[in-house]
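Below is one structure, written out as structure tokens; the observations come after it.
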Amino acid sequence: MEELRNKLEEHEVEYELLTHEHTARTAQEGAAMLGIELGQTAPTLIVKTPEVYLALIVSGERGRVNLEEAAALIGAASLRMASPREVLEITGYEVGSVPFVLQLPCILDRKLLRHDYVYGGTGKAGTTLKLHPLALETLNEVIAYLD
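According to my numbering, the sequence shown is numbered sequentially starting from 788.
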């Protein structure tokens with residue numbers, strides 16, 4: 788989490804680290820636990836084109852992501868969810884605790900930009916990162932947006 792904190796401070800991003808006893812397994816659980824709207828939760832999914840891994844930061848209100856549509860946004864032949872093993876190998880984090888600040892190209896959900904704050908992973912169970920959604924553009928290499 789030190790790397791995350793350093794990046795936030797390097798980019799002078801205002802943020803808050805929230806600690807809690809339980810780890811949310813779904814966006815719905817996270818929203819209920821934090822007392823926020825479902826759309827403010829921002830799970831980070833790891834996906835793969837035939838050539839490269841990407842981070843996909845989505846609004847919890849989106850539900851399932853159309854991977855064909857996301858692939859078309861970036862001109863990829865296909866896009867698939869990374870396996871839990873791949874997620875751990877590529878990010879160093881377990882599925883469910885992947886931070887939403889990574890050294891991977893990123894597809895960002897525009898629905899997150901409607902909120903004053905969004906909440907996502909830090910890489911550490913029991914800790915959630917709260918920040919302004921525009922900071923996600925500053926902290927990540929955004930290559931496309933989901934509408």
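Just so you know, even glycine gets a beta-carbon here, dropped at the ideal spot from N, CA and C.
Only residues of its own chain outside the window of five on either side were considered, and among them A829, S846, V905 and P920 have a CB closer than 6 Å to the CB of L899, listed in chain order. Burial is judged here by how many other beta carbons sit within 10 angstroms of a residue's own beta carbon; D896 has at least 16 and is buried.
Bounds of the beta strand (DSSP E) holding T915 are T914 to L918. Take A931, set aside five residues on each side of it, and the residues of its chain with a beta-carbon closer than 6 Å to its own are L860, I861 and I894, in chain order. In the same chain as V852, and ignoring 5 residues on each side of it, the C-beta atoms closer than 8 Å to its own belong to L832, L843, V845 and L933, in chain order.
DSSP places G817 within a helical segment (H, G or I) once states are collapsed to three. The three-state secondary structure of T831, taken from DSSP, is strand.
Taking the C-beta atoms as reference points, K911 is found no nearer than 8 Å to L805.
Nearest neighbour of L923 by Cα position, chosen from D903, E799 and F887, turns out to be F887. Here M868 is bridged, per DSSP, to V834.
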